[in-house]
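In this note's numbering, the protein residues as written are 3 to 385.
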Amino acid sequence: MKKRVLLLGCTGSIGQNTLEVLAGLGHRCEVVGLAAGSRWQRLAQQARYWNPQAVAISDVQAADPLRSAVGGGVRVLAGPDAPVELVDSVACDCVVSAVVGAAGLPATLRAVELGRQVALANKETLVIAGGLIAPLARRTGASLIPIDSEHSAVFQALQAGKRAEVKRIYLTASGGPFRTWAAERIAAATLEDALNHPTWDMGPKVTIDSATMMNKALEIIEARWLFDLPPERIDVLVHPESVVHSLVEFCDGSMIAQLGSPDMRTPIQYALTYPDRLPCPSEPLDLSAHRRLHFEPPDPEKFPALRLGHETARRGGTAGAVLNAANESAVELFRAGEIRFPEIVQVTEQALGRHSFLADPSLQDLLAADRWARNEVVGCTTC
Ligand code: MG
Numbered sequence: 003m004k005k006r007v008l009l010l011g012c013t014g015s016i017g018q019n020t021l022e023v024l025a026g027l028g029h030r031c032e033v034v035g036l037a038a039g040s041r042w043q044r045l046a047q048q049a050r051y052w053n054p055q056a057v058a059i060s061d062v063q064a065a066d067p068l069r070s071a072v073g074g075g076v077r078v079l080a081g082p083d084a085p086v087e088l089v090d091s092v093a094c095d096c097v098v099s100a101v102v103g104a105a106g107l108p109a110t111l112r113a114v115e116l117g118r119q120v121a122l123a124n125k126e127t128l129v130i131a132g133g134l135i136a137p138l139a140r141r142t143g144a145s146l147i148p149i150d151s152e153h154s155a156v157f158q159a160l161q162a163g164k165r166a167e168v169k170r171i172y173l174t175a176s177g178g179p180f181r182t183w184a185a186e187r188i189a190a191a192t193l194e195d196a197l198n199h200p201t202w203d204m205g206p207k208v209t210i211d212s213a214t215m216m217n218k219a220l221e222i223i224e225a226r227w228l229f230d231l232p233p234e235r236i237d238v239l240v241h242p243e244s245v246v247h248s249l250v251e252f253c254d255g256s257m258i259a260q261l262g263s264p265d266m267r268t269p270i271q272y273a274l275t276y277p278d279r280l281p282c283p284s285e286p287l288d289l290s291a292h293r294r295l296h297f298e299p300p301d302p303e304k305f306p307a308l309r310l311g312h313e314t315a316r317r318g319g320t321a322g323a324v325l326n327a328a329n330e331s332a333v334e335l336f337r338a339g340e341i342r343f344p345e346i347v348q349v350t351e352q353a354l355g356r357h358s359f360l361a362d363p364s365l366q367d368l369l370a371a372d373r374w375a376r377n378e379v380v381g382c383t384t385c
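As structure tokens, then:
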């Protein structure tokens, strides 16, 4: 029987890569549901090709044009709750969560409640609500398989030993476009500079997060919940070539790494075929062409986001929701030209300092903290 896959965030960068991988896995996977935010033309195109049982579009305005574009054979759900309804109403074996940002949380949470296997590219789910989701997944039997390249690498390296034998993990970071820039030059960085990533081709939000290294801060928190590790056992290692995707150090001093081309199709496919490995369309890695691989500790002065990542992972509670939401808001302000590049992290840290911390929040508390942080960031920069 084929694995029935439901894809949330099908029109984004990870979503499109997932469909490309699935096109090569036609003998073992089928697409039963697709969800997008607002890009209805692309969703309609995908629906005509994949013929899923149902599609969901969050933007209500797009419902009518989408219905006429997909024709009668595919059920169309529309509105902010449509992705959750899709997960509820379409039986599947695996939910791929590839929505960018906090918008991915409700439908991913529902998939975990239903005990589904969740292939997780949406790191925000764990950054915001890891304290709820990790124990929930243990109760419902939902398995979380990472797609984020670093976490996929750790997940793969962990197969080499027992969990109790793990000493620490190292998340690698390319260092982004500003790794070699002086702090003064970073302070004057433009949007174009920040979008110019040296090794990975990703969507704009993730690319800017990579330039501030907030991406790695979020990944520290994600790793804390995925692998149930205290933050002091999660290190960041700058590795500009983006060939070693992360490492696990075991108690005997052995370090196991996963290497590959910087191509998201590899971790996407591993999540879809785990525990099997199959040929993948990603570029093969030629280590002799690289010859030299470099590693260096990150510069905490130039990239203060990393400290925020460790602090937030230690605090837990509502801190992750606030960090994530404040950063999302700040990135939007930077893209709109309202704040300068270093202010992305500054206003995020200010929001963290001002928020009313709750140690044991409910989902409602987390969503409230998220809303508060967004308003706070917009308010503090317009006054
Ligand atoms: Mg990553």
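Glycine is no exception: its CB is placed at the ideal position from the N, C-alpha and C atoms. Quick caveat: nothing in here was measured; it's all calculated off a predicted structure.
Taking 7 Å as the cut-off, does the CB of residue i come closer than this to any heavy atom belonging to the ligand MG?
i	result
residue 243	no
Cβ atoms of residue j and residue i: under 8 Å apart, would you say?
i	j	result
residue 211	residue 197	no
residue 206	residue 337	yes
residue 347	residue 306	yes
residue 345	residue 328	no
residue 249	residue 149	no
residue 67	residue 33	no
residue 173	residue 222	yes
residue 285	residue 256	no
residue 176	residue 269	no
residue 57	residue 36	yes
residue 319	residue 361	yes
residue 274	residue 45	no
residue 124	residue 142	no
Would you grab the beta carbon distance between residue i and residue j for me? Rounded to a whole angstrom, and I think it's under 8 Å.
i	j	result
residue 247	residue 261	7 Å
residue 121	residue 98	5 Å
residue 144	residue 6	Actually they do not touch by this definition, with Cβ atoms about 16 Å apart.
residue 65	residue 80	3 Å
residue 252	residue 169	6 Å
residue 112	residue 86	5 Å
residue 100	residue 14	6 Å
residue 11	residue 78	Contact flag wrong, Cβ pair sits at about 17 Å.
residue 324	residue 354	6 Å
residue 126	residue 104	5 Å
At least 3 beta-carbon pairs within less than 8 Å: the region 235 to 246 vs the region 123 to 132: Contact fails: fewer than three Cβ-Cβ distances are below 8 Å.
Neighbouring residues (CB closer than 6 Å to any heavy atom of the ligand FAD): Absence of the ligand FAD is noted for the structure shown, with the ligand MG being the only ligands found.
Contained beta strand (DSSP E) runs [length at least 3] in the region 6 to 91, N- to C-terminal order: Entirely contained in the region 6 to 91, the beta strand (DSSP E) runs reaching 3 residues are, in chain order, 31 to 38, 56 to 59, 77 to 80.
Three or more C-beta pairs below 8 Å linking the region 176 to 191 and the region 132 to 141: These segments do not touch.
3-residue-minimum beta strand (DSSP E) runs that sit fully inside the region 198 to 277, ordered along the chain: Here the runs fully enclosed are 236 to 240, 246 to 252, 257 to 261.
Complete runs of the beta strand (DSSP E) confined to the region 100 to 127 [at least 3 residues]: Within the region 100 to 127, the runs of beta strand (DSSP E) at least 3 residues long that lie entirely inside it are, in chain order, 119 to 122.
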